[in-house]
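Taking it in order: structure first as structure tokens, then the write-up.
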Amino acid sequence: MSTYTALDWLAFFLPCVRWLRTYKIKEYLLADVVAGISVGFMVVPQGMSYANLAGLPSVYGLYGAFLPVLTYALVGSSRQLAVGPVAVTSLIIGSSLKGLVPGAETISNPNVLTPDQEVIQDKYNTLAIQLSLLVAILYTSVGVFRLGFLTNFLSHSVIGGFTSGAAITIGLSQLKYILGISIPRTERLHDQVSTYIDFIRNLKWQEFIMGSTFLVLLVTMKEIGKRSHRFRWLRPLGPISVCVIALCAVYIGKVDQRGIKIIGSIKKGLPTPTVGWWAPMPDFVDLIPIAIVVMLVDLLESTSIARALARKNNYELVANQEIVGLGLANFAGAAFHCYTTTGSFSRSAVNNESGAKTGLAGFVTAWVVGFVLLFLTPVFEKLPYCTLGAIVCSSVTGLLEYEQAIYLWKVNKLDFLVWMASFLGTLFISIEIGLGIAIGLAMLIVIYESAFPHTAMLGRIPGSGVYRNIKQYPQSQLTPGILVMRIDAPIYFANVQWIKDRLRVYEDRHRNWSGEHGTKLEFAILDMSPVTHIDATGVHALEVWIEQFARSGTQLVLCNPSVKVIRELETAGVPDMLGRDWIFVTVHDAVSFCSRQLAEAGVAATPLSITQQPSSTSDSEE
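Numbering-wise, full-length UniProt numbering puts 483 at position 483 of the sequence shown, and it's gapless, one number per residue.
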């Protein structure tokens, strides 16, 4: 019996102990520090930009890149995942909470407020913290009860279409800062386009020139950093570089006095507790569906990144422990002024490319942000809003997965349909409804595939004992009097009737064809190897098939049922009803035995080529 030491138990609750026990200072320390600083330079401007997208004061983005990052470094099992505010989550929060707080849509700058707006913004901030708490509870529950498999129902088609639609929505929502115009907040594509057309005459050329220049610079640095290993340092330095340039333009060139709008007040210091904001929660019913959407999207995004990073760096990721770690990070955030955080694609990539070896890189990132909170927030108060808009727009370009849509169109039209439903629903209806439509459509496709499974008539590959689908292998041979069929799915209540209809089609074809060759259908062999489960309805249907075949003078034969299936059949007494001698290990064994039975009865059992097989074998289900 294995025993656990105190360190083993500590490592179970604090995964950071695993890498701390084997930490190689000379080999890891410099790499972790460089990676942490690189991500820190990236997350400071990104965090403020994403907070603005979420409708929150800019400092909330810095808070979200501090305490949750520290917490995750302790309890997360991924060593390279960079957590913090992300664009898609910020968009969901911004679009959802605005509808719960009357007047929130009129606030264009959460950092500079009138007395009336302060009341509205305080209510909005409270809802954001309560939402973060609910997401944390959902995360932790999913991890503790090992429900991470639920994310399998969010296919890549669903998420790809959703993030692509969200990327366009995010980009358009931030375009107003680059253009220097004030417009009402909308999320639907047609409303956004219509609003921009109505307000474009108010464009401020100063902000447009600065914002568009920064956007081009950011995209250029990002692309060069991605394409050239030699210049990979350009990628993390892009956001902080444009911030430095913009701040120089304000402090030296005084551009804020020439029509350039700046952020305004940013609270100095580390976050204060917000546990008192958790209750009461009068909007609980409205917040729960938002929390579920946020948790599902964040969970899929974060775990997919973490798994990829674990594979690249040759260590094991404990999936449910990872989910609990994200939950605890959000609990810590909800207790200290942070809205929902998760793993970031771009910052995790930079963290890994910069050489991060362990979670120590996360500690370094957090304290870079902590230093900014303690000493540099007055400097960032002068940051132009168009800079934040350019940072967000450049960040979401990687979320637009048009190549995935082209690939799905070529490979699987149903997956392409799901992608388009998610994409168009997100663009033209709303984020939540668009995602819901795509998930519903994906589930319908799963149900359809399950209720109408693939079936096949099998033939023997000449010169072998292998039997394959006669449509896939036209050189295969059939034997008069012996029908071989295969069901490629579990047999249960939802697909029993479909399977029954397919078997009847195969039976009628083969019976007529065998009659043309002077032989009646004597044996119907059913290959059960792909059948992983058979429920009570399926067992009853099998009993009916045995009786129906017997009445028509045909013996049903079963091949290679799994241990689970044979146990389910044994419970119902099917082997005794069928006759245990009519259950074989392989299809070839069954065909050989049936052929000998025909030969003993004086019936020729010579396999015939495809040109002599049933003429109507072009059914799309074979």
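Ideal placement from N, C-alpha and C gives every residue a C-beta, glycine not left out. None of the values given here were measured: they were computed from a predicted structure.
Among the options, the one whose alpha carbon lies nearest that of residue i
i           : options               : result
residue 449 : 419, 113 and 491      : 491
residue 586 : 139, 458, 360 and 383 : 458
residue 189 : 173, 199, 201 and 178 : 173
residue 199 : 455, 213, 175 and 391 : 175
residue 156 : 14, 438, 15 and 235   : 438
residue 400 : 20, 108, 26 and 170   : 170
residue 471 : 609, 92, 31 and 17    : 609
residue 315 : 14, 78, 550 and 414   : 78
residue 99  : 29, 17 and 185        : 185
residue 355 : 335, 309, 396 and 398 : 309
residue 447 : 281, 29, 272 and 414  : 414
residue 451 : 475, 501 and 464      : 501
residue 272 : 63, 543, 201 and 364  : 63
Alpha carbon of residue i to alpha carbon of residue j, nearest angstrom
i           : j           : result
residue 633 : residue 331 : In this structure the chain extends from 1 to 622, so residue 633 is not present and cannot be described.
residue 328 : residue 110 : 28 Å
residue 619 : residue 558 : Note that residue 619 scores 47 on pLDDT, short of 50, meaning its location in the model is unreliable; the coordinates nonetheless yield the value given after this. Looking at the two C-alpha atoms, the distance is approximately 24 Å.
residue 477 : residue 484 : 11 Å
residue 268 : residue 375 : 7 Å
residue 42  : residue 49  : 11 Å
residue 521 : residue 594 : 11 Å
residue 507 : residue 480 : 12 Å
residue 337 : residue 528 : 58 Å
residue 53  : residue 408 : 31 Å
residue 617 : residue 462 : With a pLDDT of 44 at residue 617, under the threshold of 50, the modelled position of this residue cannot be trusted, and the question is left open.
residue 313 : residue 357 : 8 Å
residue 129 : residue 306 : 25 Å
residue 168 : residue 424 : 11 Å
residue 370 : residue 119 : 28 Å
residue 299 : residue 136 : 11 Å
residue 324 : residue 146 : 10 Å
residue 368 : residue 37  : 7 Å
residue 552 : residue 406 : 51 Å
residue 116 : residue 123 : 12 Å
residue 257 : residue 436 : 46 Å
residue 287 : residue 493 : 37 Å
residue 378 : residue 445 : 54 Å
residue 88  : residue 295 : 12 Å
9 Å Cβ cutoff met for residue i and residue j
i           : j           : result
residue 536 : residue 572 : yes
residue 142 : residue 133 : no
residue 61  : residue 80  : no
residue 624 : residue 351 : Nothing can be reported for residue 624: it is not among the residues displayed for the chain, which extend from 1 to 622.
residue 58  : residue 183 : no
residue 627 : residue 179 : Summary: the structure shown does not reach residue 627, with the chain confined to residues 1 through 622, and so no result is reported for it.
residue 390 : residue 237 : no
residue 289 : residue 105 : no
residue 33  : residue 441 : no
residue 582 : residue 548 : no
residue 366 : residue 35  : no
residue 265 : residue 381 : yes
residue 165 : residue 346 : no
residue 598 : residue 545 : no
residue 601 : residue 523 : no
residue 225 : residue 426 : no
residue 97  : residue 131 : yes
residue 419 : residue 158 : yes
residue 203 : residue 221 : no
Beta bridge counterpart(s) of residue i as assigned by DSSP
i           : result
residue 527 : 486 and 559
residue 583 : 558
residue 310 : Partner(s): none; residue 310 has no beta bridge.
residue 459 : 468
residue 607 : BP columns for residue 607 are empty, so no partner.
residue 384 : 262
residue 343 : 83
Own chain partners of residue i with C-beta closer than 8 Å, once the 5 adjacent residues on each side are dropped
i           : result
residue 210 : 246, 249, 255, 260, 384, 386 and 387
residue 83  : 68, 69, 72, 76, 302, 326, 329, 341, 342, 343, 344 and 362
residue 473 : 459 and 461
residue 192 : 169, 172, 173 and 186
residue 621 : Here the model assigns residue 621 a pLDDT of 46, short of 50, so the residue's position is not dependable, and the following value carries that caveat. Cβ neighbours of residue 621 beyond the five flanking positions: 452, 454, 455 and 502.
Proximal residues to residue i (C-beta, below 6 Å), its chain only, five neighbours per side dropped
i           : result
residue 319 : 148
residue 55  : 94
residue 519 : 480, 481 and 603
residue 353 : 232
residue 277 : 126 and 129
Same chain only: Cβ atoms within 7 Å of residue i, ignoring 5 sequence neighbours per side
i           : result
residue 223 : none
residue 428 : 188, 189 and 190
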